[in-house]
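Engineer: In my numbering, the protein residues as written are 626 to 689. For each residue, glycine too, the CB sits at the ideal point set by N, CA and C.
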Ligand SMILES: [Zn+2]
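(1) Sort out for me which residues DSSP pairs residue 650 with in a bridge.
(2) My guess is that residue 677 and residue 661 are in contact by the Cβ rule of under 8 Å, so how many angstroms apart are they, rounded?
(3) Let me know the secondary structure DSSP gives residue 638 once reduced to three states.
(4) Ends of the alpha helix (DSSP H) at residue 667?
(5) Could you pull the DSSP bridge partners for residue 632 from this structure?
Below is the structure:
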């Protein structure tokens with residue numbers, strides 16, 4: 626991923642078209658859009674292959 630061209634790690638939209646949230650994880654500098662932030666919180670296993678180490682992340686429980 627180009628560091629000077631941030632894009633959502635899920636949908637690959639750039640910050641030119643959607644607001645992106647910067648994630649710092651291990652040595653990685655990652656970006657995710659608000660649309661996919663809930664996926665990171667509740668379904669990190671769906672990010673395996675996109676987010677390094679996602680297979681080791683625990684989903685946050687939610688009660689809704
Ligand atoms: Zn996205």
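Structural biologist: Reading it off the structure:
(1) 653
(2) Residue 677 to residue 661, Cβ: 16 Å. No contact.
(3) coil
(4) Segment 662–667, the alpha helix (DSSP H) holding residue 667.
(5) 639
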